[in-house]
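So, in C-alpha cells, the structure goes:
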C-alpha cells in the first residue's frame, strides 16, 4: 500500500465538531460510520451502548508527568493502564504520572472531559501533547472513537486511523502494557512470597504458576530485570556444584582436560560453517559498543564455542600424536531466544559445560559420543533421580552443522511435555574441513579429524524440580540436596537446654557420618512453621527431636518425598546414610515406572493423536523421511487446535529414535505416511 | 578549521599535466612547492632524490580485487603494504588482491605507470577507483607526490591534500597496516614456535617478548583474534583449578555460599551508584543487537556485579536474622580497556571470583575484609610462591564507590613494576543506601547494612609466571603444577622393555603417594629434547631413569627451579612428596628475600627518584593528601622522561599503605610536600 497523502496546511485545520471530523475523514476517502447515543461518561457505559457494533471501544486518557509533559493515551477498553505502569513505560518512575488538568486539555485539544478522543490531536498544532498508543489497539480491525462529542461514536478501520495520523503529521509511541504488567506481577508475587509461606497453586491445576512459586519460594531462583535472565541462588547453585563435581570427575577419567576460551567471537569465525551459523544466527547477541565508542566491528557472544575453539584446534593438531585432543569448559553461553523464557528450562544466558574433542578415526569419535551420553544419563538418573530415554535425533532435529546427534530425553508427567535433557554430537568432518583441522597420519598422509561436541546445562535442575516437586514445594533427591537432613529441635521450657544440646550432638554425629546435616535453631519460629519451611525447601529427611524423644532416646524421621514417619533409636543414627540412599533409589524407581507407563506404542494416526492428547509420549514405526516429519508436525498442530484445554495443543515433534527398541519387521509401515518403516521414533509435544 | 570549499563542475575537471595540477591547487589557495628531477621509477629512487626535502615520500599502488573492484592506495614509503594484508583489510581474503592492469589504470586515472599519484583521482569522475589511505599518512605534516609525472615531485601539506580531496568530492578509507601486521606477526610467531623449541629471548633483555614466548610455548596461552582476549589452555587452567579448590574451600569455611547472577545488567541498575559507574563506564561493553534486531535498550556486560547483586540483596534482607549474607560467584567479567593488553595481567575478558557480603555492623564487615585479604595472600604466597605486601589503598586508588580498599601488592623483579594482586573492599553503607538494603535491628529500627566485596582474578597466574619463569621457560611451584614429576625413561635397545616397565611402576608408585606424576613415553623424541620440553613447561621435578639406574636401583632427579641434581635409591621414592614441599617453600623463601631487598625507604624526593629508577619500590612517610599524590604522579612522570632506558619511564603511584609499618614519629614530614606525615606509603611504577 503506497498511498501518497495530500498535506493540508496545518494552521488551518481545526476539528471542533462531529461534522468537522467527518468532513476531514471524507476528504481523505476514509470510510466511517457514526452512531448516535445518549451522553456516556464511562468506558462501561460506552461498552453497553456499542454492544451491537463490531469494533473495539477505545478509552482515552489525558495525562501529564512531573516534568509537565502532556500525553494523550488511546488504549483498548480491556487493557489495564494504571498510572504506576504508565509512569514506568514513560521512564518517569511509578509515581511520575497523573491526570492532566481539564482546562489545559481544553486549551490544547479543544475537547471537553468525557469526550476525549484522538481526533482532537489535529487541534494541537505544536505537538504539545504526545500521543501514546496501546499496542493492543494495533492488532484489532476497527476502532470506536468519539467524534469530538460523547453523544456519538464513530467506527473507523485501524489502518485508516493510522492514515489519519499520518495526514495530520502525528508520530506516536506504542506502549506494551502487558509485558510491563507481567514484570509488575512477578515482583508483586515475590514480595508476597516473603509473607506467605507455602505453595498457593496446586501442581496439577497450573503447572507453570506452581513452578514459578516453587522455585522462588524454594530459594532457587530470583527474578531479574533483564528478560530471560535469572539469579541462581545458593540452594540451586549447590545442585549445579554437585553435578559439576560428578561429571567433571567422570570426564577427567576419560582424559578430558578443562580450559577456557574467550566468550567473544568475531563475525568471520562465527560464520565459517554455513549450516551452523544458520542454526544460531537469529539468537546471537552482539556487542557493538564499549563505553561511548562504537566498536569497529560488532563482536558476538558465544551461543556455543565450536567456532571459537576450532581455529585453535587447527593450530594445535599437526600429527597423529596430537590426537585425541579432548577439551572441556564450564562457562556461560547466551542465546537470545524469543520464545517465552522459563527459569532453568529456557533462559537467554545459561551455564553449561561444553566438551570438544578431536580424533583420528570415526570409530573413536563414535565410541566417545556414547560414553558421554551415558555419563549424561547418569547425571540425570543417578543424581537427579530423573529417568531419561537415550536415542538419536532425526535429521531435522540434529545439531546445526553436525553429523549426527545423540540425546537423552525426558518428559514432565504433569503436562506430558517432552524435554531434551542433554546432547552428545558427532560432528563428523564437517567442521574440520571448514576450519582446516588435519593431521599427518602414520603414513604421512593428510587426514581431517573426526570431532565431537557435547553439552549439559543448568536446565537439568529445572527438569528435576518439575519431576519431583509437589504441592508442598521442592523435593530434592538426597545426592544433590545441599542439606540432606534438617534437625528441628522441639524444646519445651523445662528441657530447653538438654534438647538443644542433644540436637546439636545429633547434627555433629551425622556430619561425621558424611551426611550434610543442619539444625534450625531459630527461636522466632515455632516447629510447625519450620516443618513447612523445610518441606518447601525440599530437604529429603526431617529429624524431629523433643523432650519425649530425649526420654525414650530416639528421634522421629519424616521423609520428604513420601511423608513416611520412622522412629529411630539414637543408637542407630548410623542407619541414616543408608536411608538417604534408599530414598534416592526409590525416587528414581518410582519415576522410572511412571515414564515407562507413559511411553505408548501407536501404529496409526488416530492412536497417535489420542495418546498425544492423553499427555503421553508415543513410539511409532517411522520412515525417517524429513517430509513425513514436517507433515506430522503441521498436522498434529492443526488437529490439536480442535482439542480443549491448556496443555493439549501444539505440534508433536520427534524426540529421538531410542537406542533400545524392538527391531522393525519387514512388513512394518510408517504410522503416518505408510512408507516402509526403518526405525521406531519417539514423539511428543516438547519444551 | 571551518573552510567552505567552492565546488567546481566535476565534468569539466581533468588533470593531465603538472600545470593542470598546480593550477587547481592555486585556485584552491593551497600552497605547494614542486621540485624537478630525473625520471624515478622506484620508491628507493624517490627517497634518494627527495632526501633534502622535508615531507614524507608517498608510494602509490593501483590494485584490483577478485571481484574486479579497483583501488588506489597511498601509503607512507616506510609502511609495509603486502597484498596479503591488504586483502584482509579489504575483507576479500589474503589472496584476494593483485596489481591492477596498467591499461585500465590509464583509462580510469589518465596516469602512466611510474607516475601514479592521488591527484589523478580527479580524473575518475564516476568514482570507479576507490581511494585507500594508509593511516600513517595522516600523522605526517606534509606529503611528497608526483604531479601526474615522475620527473617532478610536489610537496603539499597533508591538511591541504585532504582539502583537495574534499574539493574533488572524494571519500577515502583509512587502513591500519600496523595493527593487522601485528596480528600476522603473532600468528607467524605461534607457527614458528611449533617448530622451535626453547625460549629465544632472555628474560632480562626484553621481559615482554620473553613473557609472550614463555606463555605460548609453555602451553598456557593461545592468542586469539579478538583483541585483549586469550585462550587459557589446560596447562594454565589447571592452575586456576588449584586456586579455586583452595580458595573455594577457605571461604566456604567462613560460611560463604556460591551462586550465579546474570552477566547482563540494565543501564539503570548499572548507574545507580554514581562514583561506581564513573569508575567503570568507559570500559563497559554494550550489547545492542540480537540476531538482526536492535534491542529496545542496550544492555551492559558486567565489569563487576555490585549493581547486579544488590537489588536482590535489598529483597532478601529484611531482618537482622537475614544477616550476615555471604555470597560468592566464579565467573567471567569484561572490562574493555584501551591500555595495551597483556595475557593474564590485563585482558578484556577475565575469570575471577567475586564475593559480596552484607553485615549488620561495621565491625563484622571490617573483620571479614581482613580475613579475605589473608586468604588472598595465602593463595599467592602458599600456592604460587609469590610474596605480597598487604595494605590499604589511598583515597585516589580505592574502589569506585567503596568506603576503603585493602590490597595485596607485589612487583616484577625484572622490570621493577608493581602489580596489584587482589583487593578486598569495605563498601561501607554507600551501596546499601543507593540500593535500599536495610534491615530491622533487634529494637525494630531500620538500619542500612555494611557491605564488602572482594575479588581475585586469573592475573595471579601471570604474576607467578613473571616471578618464577627463567630463560628456559616456565617454572611452576609444585603445589599448582598440573604435573609435579615428569618421568623420562632413557632406554637403550637392550634394556628397552625393562626400563619402560620400571619407569611405569615408578609413576604408579608416585601416584599412590599423592604425587601428580606423568611419564613421557614418546618414541619420536630423544631424551635431550624431552628434558628441554619439560623444562619449558616448568615441571618442578624431572625423574630420569635409564639402564644404569636400573642396575644400581636408583633414579636421577633434576629440580627445575635451581637445576640441582639428586640421586635417590628406588626404595626412597617416598621422599619425593617432601622434596616437592621443600621446593615450594624454597621458591617462596627466595622470592620473599628478593622483594624485601627491593623495598627501599626514602625521606626525600631525590632519594625517591633515585630508587624508583633503580626499579625498586619505595616506602616513604606521607601526608595522605590527594593533591600531594597527584603531584608526585605528575612530577615523577616528567622527571622520568629525562631518564634513559625502556622500563625506567612513567609515573609512580601509591600501591598501598602497608599494614605492617613502623609508627610515624611526631616530627616526621611527608617526603614530598613537607606537611606532617600521617602514615608510610609504598610507591612504584605499576602495571
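Protein chains in written order, with my numbering: chain A, 1 to 687; chain B, 1 to 687.
From the three backbone atoms N, C-alpha and C, an ideal C-beta is built for every residue, glycine too.
Taking DSSP's pairing of strands, which residues face residue 342 (chain A) in a bridge? Taking the first residue of the first chain as position 1, residue 342 (chain A) is located at position 342. Answer by DSSP bridge pairing, in chain order: A:346.
DSSP three-state label for residue 414 (chain B), please. Residue numbering aside, residue 414 (chain B) sits at position 414 when the second chain is read from its first letter. DSSP places residue 414 (chain B) in coil when its eight states are reduced to three.
Output the distance between the C-alpha atoms of residue 53 (chain B) and residue 77 (chain B), rounded to the nearest integer angstrom. In the second chain, counting from the first residue as 1, residue 53 (chain B) sits at position 53. In the second chain, counting from the first residue as 1, residue 77 (chain B) sits at position 77. In this model, residue 53 (chain B) and residue 77 (chain B) are separated by some 14 Å (Cα to Cα).
Say whether the region 299-318 of chain B touches the region 368-377 of chain B, bearing in mind that this needs 3 or more beta-carbon pairs closer than 8 Å, one atom from each stretch. The region 299-318 of chain B makes no contact with the region 368-377 of chain B, as fewer than three CB pairs between them are under 8 Å.
Counting only the same chain and skipping the five closest in sequence on each side, list residues whose C-beta sits under 7 Å from that of residue 289 (chain B). Taking the second chain and counting its residues from 1, the one referred to as residue 289 (chain B) is at position 289. Cβ neighbours of residue 289 (chain B) beyond the five flanking positions: 295.
Secondary structure of residue 298 (chain B), DSSP reduced to three states: For the purposes of this step, residue 298 (chain B) is taken as the residue at position 298 of the second chain. It is a strand residue.
Going straight from the alpha carbon of residue 653 (chain A) to that of residue 605 (chain A), what length do you get? Here the question's residue 653 (chain A) lines up with position 653 in the first chain. Here the question's residue 605 (chain A) lines up with position 605 in the first chain. The straight-line gap from Cα to Cα measures roughly 14 Å.
Examine chain A for any beta-carbon lying closer than 8 Å to the beta-carbon of residue 17 (chain B), and answer yes or no. For the purposes of this step, residue 17 (chain B) is taken as residue 17 along the second chain, with counting starting at 1. It does not: the Cβ of residue 17 (chain B) has no partner Cβ on chain A nearer than 8 Å.
Just checking: is the beta-carbon of residue 414 (chain A) within a distance shorter than 8 Å of some beta-carbon in chain B? Stepping through the first chain from its first residue, residue 414 (chain A) is reached at position 414. Residue 414 (chain A) is outside the set of residues whose beta carbon lies under 8 Å from a beta carbon in chain B.
Using a Cβ-Cβ cutoff of less than 6 Å, which residues in the same chain neighbour residue 32 (chain A) once the five nearest sequence positions on both sides are dropped? On the first chain, position 32 is the one that residue 32 (chain A) refers to. Non-local C-beta neighbours of residue 32 (chain A) in its own chain, meaning closer than 6 Å and more than five positions away in sequence, comprise 25, 154 and 156, ordered along the chain.
Distance between residue 637 (chain B) and residue 685 (chain B) (C-alpha atoms, nearest Å): Taking the second chain and counting its residues from 1, the one referred to as residue 685 (chain B) is at position 685. Taking the second chain and counting its residues from 1, the one referred to as residue 637 (chain B) is at position 637. Their Cα atoms are separated by approximately 10 Å.
Measuring CB to CB, does residue 357 (chain B) end up less than 8 Å from residue 324 (chain B)? As a position in the second chain, residue 357 (chain B) is number 357, starting the count at 1. As a position in the second chain, residue 324 (chain B) is number 324, starting the count at 1. Yes, these two residues count as a Cβ contact at 8 Å.
So, residue 558 (chain A) versus residue 545 (chain A), is the Cβ gap smaller than 8 Å? Here residue 558 (chain A) refers to the residue found at position 558 of the first chain. Here residue 545 (chain A) refers to the residue found at position 545 of the first chain. The answer is no: Cβ separation not under 8 Å.
Output needed for residue 189 (chain B): all residues of its chain with C-beta closer than 6 Å, excluding positions within five of it in sequence on either side, in chain order. Position 189 of the second chain, counted from the first residue, corresponds to residue 189 (chain B). Confidence at residue 189 (chain B) is low in this model, with a pLDDT of 49, below 50, so its placement is unreliable and no value can be given for it.
Please say whether residue 279 (chain B) and residue 366 (chain B) have beta carbons closer to each other than 8 Å? Here residue 366 (chain B) refers to the residue found at position 366 when the second chain is read from its first residue. Here residue 279 (chain B) refers to the residue found at position 279 when the second chain is read from its first residue. Going by C-beta atoms, residue 366 (chain B) is not nearer than 8 Å to residue 279 (chain B).
Starting from residue 120 (chain B), follow its DSSP beta bridges and name the residues at the other end. Working through the second chain from its first residue, we reach residue 120 (chain B) at position 120. The partner list for residue 120 (chain B) (beta bridge, DSSP) is empty, contrary to what the question assumes.
In the DSSP assignment, find the unbroken beta strand (DSSP E) run with residue 270 (chain B) in it and report its ends. Working through the second chain from its first residue, we reach residue 270 (chain B) at position 270. Premise fails: residue 270 (chain B) lies in the alpha helix (DSSP H), 267-270, not in any beta strand (DSSP E).
Please name the residue or residues paired with residue 331 (chain B) in a DSSP beta bridge. As a first step, residue 331 (chain B) must be located in the second chain, where it is residue number 331. Bridge partners of residue 331 (chain B): B:352.
Quick one: what's residue 426 (chain A) bridged to in DSSP? Position 426 of the first chain, counting from 1, holds the residue named residue 426 (chain A). According to DSSP, residue 426 (chain A) bridges with A:404 and A:452.
Enumerate in chain order the residues of its own chain whose CB-to-CB distance from residue 615 (chain B) is below 6 Å, with the five nearest sequence positions on each side excluded. The sequence position of residue 615 (chain B) within the second chain is 615, counting from 1. Counting only Cβ-Cβ distances below 6 Å, and skipping sequence neighbours, we find 416.
Could you check what DSSP says for residue 602 (chain A) in three-state terms: helix, strand or coil? Start at 1 with the first residue of the first chain, and residue 602 (chain A) comes out as number 602. Reduced to three states, the DSSP call for residue 602 (chain A) is coil.
Can you tell me whether residue 442 (chain B) is buried or exposed, with buried defined as 16 or more other CB within 10 angstroms of its CB? One-based indexing of the second chain puts residue 442 (chain B) at position 442. So residue 442 (chain B) counts as exposed.
If I measure Cβ to Cβ from residue 507 (chain A) and keep anything under 6 Å in the same chain, skipping five residues before and after, which residues do I get? As a working note, residue 507 (chain A) is residue 507 in the first chain. The answer, listed in chain order, is 487, 517 and 519.
Residue 384 (chain A) to residue 478 (chain A) span [Cα, whole Å]: By one-based count along the first chain, residue 384 (chain A) stands at place 384. By one-based count along the first chain, residue 478 (chain A) stands at place 478. About 9 Å.
Under the three-state reduction of DSSP, which class applies to residue 671 (chain A): helix, strand or coil? Along the first chain, one-based indexing puts residue 671 (chain A) at 671. Correct three-state label for residue 671 (chain A): coil.
Between the CA atoms of residue 407 (chain B) and residue 394 (chain B) - distance to the nearest angstrom: Working through the second chain from its first residue, we reach residue 394 (chain B) at position 394. Working through the second chain from its first residue, we reach residue 407 (chain B) at position 407. Rounded to the nearest whole angstrom, the C-alpha separation of residue 394 (chain B) and residue 407 (chain B) is 10 Å.
Does the beta carbon of residue 237 (chain B) come closer than 8 Å to any beta carbon on chain C? Of the protein chains in this structure, namely A and B, none is chain C.
Under the DSSP definition of a beta bridge, which residues are partnered with residue 560 (chain A)? As a first step, residue 560 (chain A) must be located in the first chain, where it is residue number 560. Answer is none; residue 560 (chain A) lacks a bridge partner.
Per DSSP, what are the beta-bridge partners of residue 656 (chain B) in this structure? Here residue 656 (chain B) is taken as the residue at index 656 of the second chain, counted from 1. Answer by DSSP bridge pairing, in chain order: B:682.
With a floor of 3 residues, list each beta strand (DSSP E) that falls wholly inside the region 203-250 of chain B, ordered by position along the chain. Counting whole runs of 3 or more residues, the region 203-250 of chain B contains the beta strand (DSSP E) stretches 221-223 and 230-232.
Assign residue 178 (chain B) to one of three DSSP states: helix, strand, or coil. Taking the first residue of the second chain as 1, we reach residue 178 (chain B) at position 178. In the three-state reduction of the DSSP assignment, residue 178 (chain B) falls in the helix class.
Under 8 Å between beta-carbons, which chain A residues line up against residue 304 (chain B)? List them in chain order, please. On the second chain, residue 304 (chain B) is found 304 positions in, with the first residue counted as 1. Within 8 Å Cβ-Cβ: nothing; residue 304 (chain B) doesn't reach chain A, min ~15 Å.
Does residue 695 (chain B) come out as helix, strand or coil in the three-state DSSP assignment? The question about residue 695 (chain B) has no answer, for chain B in this structure spans 1 to 687.
Please report the distance separating the alpha-carbon of residue 671 (chain A) from that of residue 470 (chain A). In the first chain, counting from the first residue as 1, residue 671 (chain A) sits at position 671. In the first chain, counting from the first residue as 1, residue 470 (chain A) sits at position 470. One C-alpha to the other measures close to 36 Å.
Could you check what DSSP says for residue 166 (chain B) in three-state terms: helix, strand or coil? To locate residue 166 (chain B), count along the second chain from 1; it is residue 166. If DSSP states are grouped into helix, strand and coil, residue 166 (chain B) belongs with the helices.
Alpha helix (DSSP H) segment containing residue 59 (chain B), residue limits: Residue mapping note: residue 59 (chain B) aligns to position 59 of the second chain, counting from 1. Run containing residue 59 (chain B): none in the alpha helix (DSSP H); it sits in the beta strand (DSSP E), 56-65.
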